[in-house]
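Here the structure comes first, spelled out in structure tokens, and everything after it is commentary.
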């Protein structure tokens, strides 16, 4: 970290680690709790799309903490860089597009989380980098160096190993205790497919933000906060009605939103965990924005590795020291070592991709500064899924050319 880092950097980094892990853990615990439906019958709280709504609600909490909104200087408050640029209200409207991507991505990932252990779900999030690099090369015409593709290849191998270990050890996990081997395998494959589909959409969101938010220079807190507002509105007035219309296992619906509210208030433990998730998610978002630019790529990959390790250790601890039958616990199988290898390969691939580790047989451009994108998806992601921009300083004079993405 820079020597002149703000005083809040270290507390924010701790919050990123703790709350990042807590987001995953509280969501998994909530999905295992029960509540009373409108008929007075107990059922498990498997409401992935409501958790998506909760995430956007947490994002909206960033707005009251954005001091620029209360700035008397009109131009500074609105983030206008030029009188010819888009108005503040238009910039707020621009943020609606990423929110649509985020609804689908988070919803798919949350649905997948119902079927797979927390550690597997956490590790599969590394697939976003793979898809983002491919989309950036195809749609944004970004230049991807050989070492980037090497990192992408390593992450692909790591994701495959994690998925393989999960499938082979599916029947040993406590959440599949009441299922046959074939049902356990099917559930694991469904969960992995949904989680990876969510990462495809998440990658498309990050790539789309590079184009859609090119002229949106709002402060980070406003971008995240207004994306939360748009996400809540779209989810409440569009997604929930669609889910009620689609046939499913939730009393004839894919997800019954009115019943969800009743279930939450029928179980104080469920309500408590959802409130903890809401607080943790909001703190994580604001901490991520606060340390934007203060953390190096090395710090971000280390934080992601610690976060995954903490989530995995929590699941193992619950299974072996608290309750071996708990559905949010995780068993260590003979295939878990394969998952460990996959974890290490993913972390190494991300380190190569982010140029923290330089491989001698690849060419690396010199005399450049690496610039991290400031889009919402990038700000809230510990490991950057897109190749960074590069500014060339090899030429003399104040107008150093922009090389573009690596």
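Residue numbers (the numbering used here): 555 to 960.
From the three backbone atoms N, C-alpha and C, an ideal C-beta is built for every residue, glycine too.
Note that this is a predicted model, so its numbers are computed, not measured.
Per the C-alpha coordinates, the member of 771, 904, 588 positioned closest to residue 682 is 904.
The residue from 859, 873, 743, 911 with its alpha-carbon nearest to that of residue 728 is 873. Under the three-state reduction of DSSP, residue 858 is assigned to helix. Beta-bridge analysis with DSSP links residue 589 to 597. Residue 889 sits close to residue 722, with the two beta carbons spaced by under 8 Å.
Taking 8 Å as the cut-off, the beta carbon of residue 607 is found closer than this to the beta carbon of residue 790. Contact annotation: the region 648-663 touches the region 769-787, with at least three C-beta pairs closer than 8 Å. For the pair residue 861 and residue 586, the Cα-to-Cα distance works out to about 21 Å. Taking a cut-off of 8 Å on C-beta distances, the region 678-695 does not touch the region 813-822, as fewer than three cross pairs fall below it. The beta carbons of residue 899 and residue 698 sit no closer together than 8 Å.
Here residue 707 has 903 as same chain residues with Cβ atoms under 8 Å from its own Cβ, once five neighbours each way along the sequence are excluded. Closest in alpha carbon position to residue 775, among 783, 901, 598, is 783.
Collapsing the DSSP output to three states places residue 807 in a strand. Contact annotation: residue 579 and residue 670 have beta-carbon atoms that are not nearer than 8 Å. The alpha-carbon separation between residue 602 and residue 772 amounts to approximately 30 Å.
Distance from residue 686 to residue 760 at the Cβ level is roughly 5 Å; contact confirmed, criterion being Cβ atoms closer than 8 Å. Nearest to residue 915 by C-alpha distance, out of 882, 901, 897, 700, is 700.
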